[in-house]
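Heads up: the structure comes next, in structure tokens.
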Amino acid sequence: MNKDKYFLIVPASGVGRRMGSSTPKQYLRLENGLTIIDQCLKTLLEINLISGFVVALSSTDSFFKSSSFFNHSKILAIAEGGQERFNSVLNALNSLNETAQPNDWVLVHDSVRPCIKKSDIEKLIREVSKESVGGLLATS
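For reference, each letter of the sequence shown is one residue, going 2 to 141 in the numbering used here.
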């Protein structure tokens, strides 16, 4: 495996407008008691190959401070979420300017997809590290 670092952006700036809820979807609770975003982060933070995370939040987010992962050492920055998802990702990428190097990799995983498997991300990282091309992981 190469010596490039891997960073992960977690867009989480939805405000629940389409759901018509006062609680954004990423903060709804699952059967195990965790919020959707906390379940997602719990899995992703277990991946030792990832050097750091950036979470993109809405400027009006008042929920993430209550997350058990709010002060996690691998969360390098909280970026301001944008009007659209791509704006949030761009803001998060910009926050990595001082940390990431040109050959490092950046993964993006949406905060409301809590069924991600650690093994799937690890396999993706192993595969992309063999070649200097991008990778895409989509699971059903």
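Quick reminder that beta carbons are idealized off the backbone N, C-alpha and C, glycines included.
Remember, predicted model here, so these are calculated numbers, not experimental data.
Between the CA atoms of Gly82 and Asp62 - distance to the nearest angstrom: Taking the straight line from one Cα to the other gives about 10 Å.
### Message
Going residue by residue through the segment 78 to 104, where are the continuous alpha helix (DSSP H) segments of at least 4 residues, counting only ones entirely within it?
### Response
The qualifying runs are 86 to 96.
For Ile37, does the three-state DSSP call read helix, strand or coil? Helix at Ile37.
- Could you check what DSSP says for Leu45 in three-state terms: helix, strand or coil? Looking at Leu45 - three-state DSSP - the assignment turns out to be helix.
Please work out which residues of its chain come closer than 7 Å, Cβ to Cβ, to Gly21, disregarding the five sequence neighbours upstream and downstream, and give them in chain order. Cβ neighbours of Gly21 beyond the five flanking positions: none.
Please check the pair Val113 and Lys26, which I expect to be a contact at CB under 8 Å, by giving their CB distance rounded to whole angstroms.
The Cβ separation is near 5 Å, so the contact holds.
**Message:** Tell me which residue opens and which closes the beta strand (DSSP E) that Val55 is part of.
**Reply:** Note, Val55: beta strand (DSSP E), 51 to 58.
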